[in-house]
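Asks: Let me begin by handing over the structure; questions about it come next.
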Amino acid sequence: MKALVLQGSPRANKSTDILSDMLTKKMKSKIKDLKVTKIYLREKNISPCNACGFCEIKKGCSIKDEMAEIYEHIETADIIILASPLYFGNVSAYAKSVIDRCQMYWSSKYVLKDPIIDPKKKRIGIAIACGGNSYKRQFDGLKMTCDIFFKSINTKFIHDIFVDNTDRINIQDREEIKDLIGKIMTDVLKELEEEIIDNSNL
Ligand SMILES: Cc1cc2nc3c(=O)[nH]c(=O)nc-3n(C[C@H](O)[C@H](O)[C@H](O)COP(=O)(O)O)c2cc1C
Numbered sequence: 044m045k046a047l048v049l050q051g052s053p054r055a056n057k058s059t060d061i062l063s064d065m066l067t068k069k070m071k072s073k074i075k076d077l078k079v080t081k082i083y084l085r086e087k088n089i090s091p092c093n094a095c096g097f098c099e100i101k102k103g104c105s106i107k108d109e110m111a112e113i114y115e116h117i118e119t120a121d122i123i124i125l126a127s128p129l130y131f132g133n134v135s136a137y138a139k140s141v142i143d144r145c146q147m148y149w150s151s152k153y154v155l156k157d158p159i160i161d162p163k164k165k166r167i168g169i170a171i172a173c174g175g176n177s178y179k180r181q182f183d184g185l186k187m188t189c190d191i192f193f194k195s196i197n198t199k200f201i202h203d204i205f206v207d208n209t210d211r212i213n214i215q216d217r218e219e220i221k222d223l224i225g226k227i228m229t230d231v232l233k234e235l236e237e238e239i240i241d242n243s244n245l
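For the working numbering, add 43 to where a residue sits in the sequence shown, where the first one is 1.
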């Protein structure tokens, strides 16, 4: 079983990074032989999508850069965790470049009608985001982006962990987050168990 963390914060060991580690630590304690790959997107040379239209004619992306490595991880992961700070009501630019470069998956599904990502393979998605302030509907835009992203990569978006006030309260001091991660794990295990049952019926 493979989990992929797309870490969209430019800051290591800050709220978003710590939160994704809290989740993957819990996952490792519950899922035997889980292999977790965390990619710090700020360390990768990934160009934004330039809307060249290549992926609407042929499968794949015309831009050759370090996104190739991320495509490979996305295509083989069972669990995909998209982690980002809240920037101007959405994901960071690092995360957005990766999301936009997944347009090739969207095109393969809806334009070429020949999906690159096997729609029959069960994969689950979790979105993590930290917002420095606290205000109404703070995460709405980011959630919509994550929803479209996970649909494009044939991944069931099962949960989000959105934490506000991270510029004021340390993420480690938030007991409610530990409780939430515990609840999310129950759903993760349920989804993965269903997949095991599905496979045994084939
Ligand atoms: C460019 C930028 C834009 C931001 N925009 C928002 C925002 O729209 N809403 C918000 O609540 N916090 C905003 N923040 C604060 C961050 O969301 C907050 O500091 C968060 O904890 C950063 O995540 P990190 O600690 O993992 O780096 C912004 C910070 C930066 C640097």
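Even glycine gets a Cβ: it sits at the ideal position worked out from N, Cα and C.
Please classify R54 as buried or exposed, where buried requires at least 16 neighbouring CB atoms within 10 angstroms.
Replies: What you label residue 54 is simply residue 11 of the sequence shown in a count that begins at 1. With fewer than 16 Cβ atoms within 10 Å of its Cβ, R54 is classed as exposed.
Asks: Since I believe I214 is in contact with S58 (beta carbons under 8 Å), could you give me their beta-carbon distance rounded to a whole number of angstroms?
Replies: If you number the sequence shown from 1, residue 58 lands on position 15. If you number the sequence shown from 1, residue 214 lands on position 171. Yes, S58 and I214 are in contact; Cβ-Cβ is about 5 Å, under 8 Å.
Asks: May I have the straight-line CA-CA distance separating M228 from L62, to the nearest angstrom?
Replies: Residue numbering aside, residue 228 sits at position 185 when the sequence shown is read from its first letter. Residue numbering aside, residue 62 sits at position 19 when the sequence shown is read from its first letter. Going by the C-alpha atoms only, they are around 14 Å apart.
Asks: Near G174, which residues of its chain fall below 8 Å by C-beta distance, leaving aside the five closest residues on each side in sequence?
Replies: As a first step, residue 174 is located in the sequence shown; it is residue number 131 there, counting from the start. Only P128, L129, Q181, F182, F205, V206, D207, N208, T209 meet the Cβ criterion.
Asks: In angstroms with no decimal places, state the Cα-to-Cα distance between C104 and F97.
Replies: Looking up residue 104 in the sequence shown gives position 61. Looking up residue 97 in the sequence shown gives position 54. Each residue's alpha carbon lies about 7 Å from the other.
Asks: Is P91 closer than 8 Å to D157 when the C-beta atoms are compared?
Replies: Stepping through the sequence shown from its first residue, residue 157 is reached at position 114. Stepping through the sequence shown from its first residue, residue 91 is reached at position 48. With respect to P91, D157 sits apart: the two C-beta atoms are not nearer than 8 Å.
Asks: Out of curiosity, what's the CA-to-CA distance linking N56 and D64?
Replies: Start at 1 with the first residue of the sequence shown, and residue 56 comes out as number 13. Start at 1 with the first residue of the sequence shown, and residue 64 comes out as number 21. One Cα belongs to N56, the other to D64, and the distance between them is close to 9 Å.
Asks: Taking just the CA atoms, how far does S135 sit from D60?
Replies: As a first step, residue 60 must be located in the sequence shown, where it is residue number 17. As a first step, residue 135 must be located in the sequence shown, where it is residue number 92. Rounded to whole angstroms, D60 to S135 spans 13 Å at the Cα level.
Asks: Can you give me the C-alpha to C-alpha distance between Q50 and L125, rounded to a whole angstrom?
Replies: If you number the sequence shown from 1, residue 50 lands on position 7. If you number the sequence shown from 1, residue 125 lands on position 82. Rounded to the nearest angstrom, the two C-alpha atoms are 7 Å apart.
Asks: First and last residue of the beta strand (DSSP E) that includes T80?
Replies: Within the sequence shown, numbered from 1, the residue matching residue 80 stands at position 37. That run of the beta strand (DSSP E) goes 78-83.
Asks: Can you tell me which of the three DSSP states N242 falls into?
Replies: As a working mapping, residue 242 is identified with position 199 in the sequence shown. Here N242 scores only 49 on pLDDT, less than 50, and its place in the model should not be relied on; the value that follows carries that caveat. Three-state result, N242: helix.
Asks: Can you give the Cα-Cα distance for I201 and T67, rounded to whole angstroms?
Replies: Here residue 201 is taken as the residue at index 158 of the sequence shown, counted from 1. Here residue 67 is taken as the residue at index 24 of the sequence shown, counted from 1. Approximately 15 Å, taken between the alpha carbons.
Asks: Nearest to E86 by alpha carbon, out of N197, I169, M110?
Replies: The count along the sequence shown starts at 1 and reaches residue 86 at position 43. Residue M110 is the option with its Cα nearest to E86.
Asks: Using a Cβ-based criterion (distance less than 7 Å to any ligand heavy atom), does T67 qualify as near ligand 1?
Replies: Along the sequence shown, read from residue 1 onward, the residue named residue 67 stands at position 24. No.
Asks: Given a cut-off of 8 Å on the beta-carbon distance, is the pair K69 and L77 in contact?
Replies: What you label residue 69 is simply residue 26 of the sequence shown in a count that begins at 1. What you label residue 77 is simply residue 34 of the sequence shown in a count that begins at 1. Their beta carbons are not under 8 Å apart, which means K69 does not touch L77 by this criterion.
Asks: May I ask which residues mark the beginning and end of the alpha helix (DSSP H) holding G184?
Replies: Position 141 of the sequence shown holds residue 184. Segment 183-195, the alpha helix (DSSP H) holding G184.
Asks: Would you say the beta carbon of F205 comes nearer than 7 Å to a heavy atom of ligand 1?
Replies: To locate residue 205, count along the sequence shown from 1; it is residue 162. Every heavy atom of ligand 1 is 7 Å or more from the Cβ of F205, so no.
Asks: Under 8 Å by Cβ, that's how I've got G184 and G132 pegged, so tell me the actual separation to the nearest angstrom.
Replies: Start at 1 with the first residue of the sequence shown, and residue 184 comes out as number 141. Start at 1 with the first residue of the sequence shown, and residue 132 comes out as number 89. Yes, G184 and G132 are in contact; Cβ-Cβ is about 4 Å, under 8 Å.
Asks: Relative to ligand 1, is the shortest distance from any of its heavy atoms to the C-beta of N213 smaller than 7 Å?
Replies: Translated into positions along the sequence shown, residue 213 becomes position 170. No, the Cβ of N213 stays beyond 7 Å of every heavy atom of ligand 1.
Asks: Let's see if you can read the secondary structure: which residues bound the alpha helix (DSSP H) around A136?
Replies: Position 93 of the sequence shown, counted from the start, is the residue given in the question as residue 136. Taken as a continuous stretch (DSSP letters only), the alpha helix (DSSP H) holding A136 covers 136-144.
Asks: Leaving aside the five residues before and after F193 along the sequence, list all residues of the same chain whose C-beta is less than 6 Å from its C-beta, in chain order.
Replies: What you label residue 193 is simply residue 150 of the sequence shown in a count that begins at 1. Same-chain partners within the cutoff: G168, F200.
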